[in-house]
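Colleague: Residue numbers (my numbering), protein chains in the order written: chain A, 261 to 366; chain B, 261 to 366.
Here you go, one structure.
Protein chains: 2
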Amino acid sequence: MATQCCSGAVTTIPSDSEAAGLFKALADPTRVTIIEMLAGLDEGEDLCVCDFEEPLDLSQATVSHHLRKLLDAGLIRRERRGTWSHYTLDRARFEHLRHLLDRIDA
Amino acid sequence: MATQCCSGAVTTIPSDSEAAGLFKALADPTRVTIIEMLAGLDEGEDLCVCDFEEPLDLSQATVSHHLRKLLDAGLIRRERRGTWSHYTLDRARFEHLRHLLDRIDA
DNA sequence: GTCGTGTATCGACGGTCGTCAATCTACGAT
DNA sequence: ATCGTAGATTGACGACCGTCGATACACGAC
Numbered sequence: 261m262a263t264q265c266c267s268g269a270v271t272t273i274p275s276d277s278e279a280a281g282l283f284k285a286l287a288d289p290t291r292v293t294i295i296e297m298l299a300g301l302d303e304g305e306d307l308c309v310c311d312f313e314e315p316l317d318l319s320q321a322t323v324s325h326h327l328r329k330l331l332d333a334g335l336i337r338r339e340r341r342g343t344w345s346h347y348t349l350d351r352a353r354f355e356h357l358r359h360l361l362d363r364i365d366a
Numbered sequence: 261m262a263t264q265c266c267s268g269a270v271t272t273i274p275s276d277s278e279a280a281g282l283f284k285a286l287a288d289p290t291r292v293t294i295i296e297m298l299a300g301l302d303e304g305e306d307l308c309v310c311d312f313e314e315p316l317d318l319s320q321a322t323v324s325h326h327l328r329k330l331l332d333a334g335l336i337r338r339e340r341r342g343t344w345s346h347y348t349l350d351r352a353r354f355e356h357l358r359h360l361l362d363r364i365d366a
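Here it is as structure tokens:
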């Protein structure tokens, strides 16, 4: 059979793990919902952990776990105020994500 | 202590699994690289499975596995021609993803 | 200091993922 | 029909993920 297919000119390509890391942080329905809840807030507003528990129908431990994933990805920010942790969206990070998407798909 | 934090007015919120599904398909460095390789092609060009094996340094089975994930998410398209499967990017799907991102982050 | 409360972390559980060798399938060539 | 090859699928493995209860931490009230 003809050996027409593979060009063979391409060498090993470094895998893009920055974009994949951001996508991974969003690759869960619960976390997308968390982001949507934060995005729906007005300027200056925020939500603490207990605000998520009932709407998401998840335990406090699980909510905290998801918030940490989003925090590690830089998609949300935390401000500790007294006993409470207040979370807000990092819109600049989403802008960055949009630019990554534009770069991936030319 | 004050019970100032949780508003308590919010009820259960349906989780957005469509966006999460798309993000999940992109939540792997190998698959991001595959997308980038396909995005770098000129109009009318395509790549078959064997084109990915060497650059990604992965077995044929693994490459096929990743391509299937992207195919199921609708991010790439497959055209069978003889023995070969030729893959191309589905740019409309990426446009849809961009709109989803715009909706999530308001 | 002690007590109570909001949050973070730990340990465990079942489920899914990425990977490969091996196998199966589909097609062209002979 | 038989053979060779490109690609898809299967089965297995270790690693990671989402979830929870239990525990640890940090801070305010007292």
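Don't be surprised by glycine CBs; every beta carbon is placed ideally from N, CA and C.
Remember, predicted model here, so these are calculated numbers, not experimental data.
Pick out whichever of A/Ile-295, A/Asp-306, A/Gln-320 and A/His-325 has its Cα sitting closest to the Cα of B/Ile-364.
Modeller: Counted from its first residue, the second sequence places residue 364 of chain B at position 104. Nearest option by C-alpha distance: A/Ile-295.
Colleague: Assign B/Thr-293 to buried or exposed, taking buried as 16 or more other Cβ atoms, counted over all protein chains shown, within 10 Å of its Cβ.
Modeller: Within the second sequence, the letter at position 33 stands for residue 293 of chain B. By the neighbour-count rule (16 or more Cβ atoms within 10 Å), B/Thr-293 is buried.
Colleague: Between which residues of its own chain and A/Gly-334 is the CB-CB distance below 7 Å, once the five residues before and five after are set aside?
Modeller: As a working mapping, residue 334 of chain A is identified with position 74 in the first sequence. Result list for A/Gly-334: Asp-350 and Arg-353, in chain order.
Colleague: Runs of 4 residues minimum, wholly inside the region 271–354 of chain B: which ones carry the alpha helix (DSSP H) assignment?
Modeller: 277–285, 289–299, 309–316 and 320–332
Colleague: Where does B/Asp-365 sit, in a helix, a strand or coil, going by DSSP?
Modeller: Locating residue 365 of chain B in the second sequence gives position 105, counting from the first residue. DSSP places B/Asp-365 in coil when its eight states are reduced to three.
Colleague: Applying the criterion that 16 or more other CB atoms from any shown protein chain within 10 Å of the CB defines a buried residue, is A/Met-261 buried or exposed?
Modeller: Here residue 261 of chain A refers to the residue found at position 1 when the first sequence is read from its first residue. In this predicted model, A/Met-261 has a pLDDT of only 47, less than 50, meaning its place in the structure is not dependable; the value taken from the coordinates is given anyway. A/Met-261 is exposed by the Cβ-count criterion.
Colleague: If you measure from the beta carbon of A/Leu-357 to each beta carbon in chain B, is any gap under 8 Å?
Modeller: For the purposes of this step, residue 357 of chain A is identified with residue 97 of the first sequence, where counting begins at 1. It does; some Cβ of chain B falls within 8 Å.
Colleague: Measuring CA to CA, which of A/Leu-330, A/Arg-358 and A/Thr-348 is closest to A/Asp-302?
Modeller: On the first sequence, position 42 is the one that residue 302 of chain A refers to. Out of A/Leu-330, A/Arg-358 and A/Thr-348, A/Thr-348 has the C-alpha closest to the C-alpha of A/Asp-302.
Colleague: Between A/Leu-331 and A/Arg-340, is the Cβ-Cβ spacing less than 8 Å?
Modeller: Walking along the first sequence from the start, residue 331 of chain A turns up at place 71. Walking along the first sequence from the start, residue 340 of chain A turns up at place 80. No, the pair does not count as a contact, with Cβ atoms beyond the cut-off.
Colleague: Considering only residues of the same chain and omitting the five flanking positions on each side of A/His-346, which have a CB-CB separation below 6 Å?
Modeller: Residue numbering aside, residue 346 of chain A sits at position 86 when the first sequence is read from its first letter. In the same chain as A/His-346, and ignoring 5 residues on each side of it, the C-beta atoms closer than 6 Å to its own belong to Asp-306, Cys-308 and Glu-339, in chain order.
Colleague: For my contact list, A/Pro-289 and B/Ala-280 are in at a C-beta cut-off of 8 Å; report their separation, rounded to the angstrom.
Modeller: Position 29 of the first sequence, counted from the first residue, corresponds to residue 289 of chain A. Position 20 of the second sequence, counted from the first residue, corresponds to residue 280 of chain B. Indeed, because the Cβ distance is near 4 Å, the residues count as touching under 8 Å.
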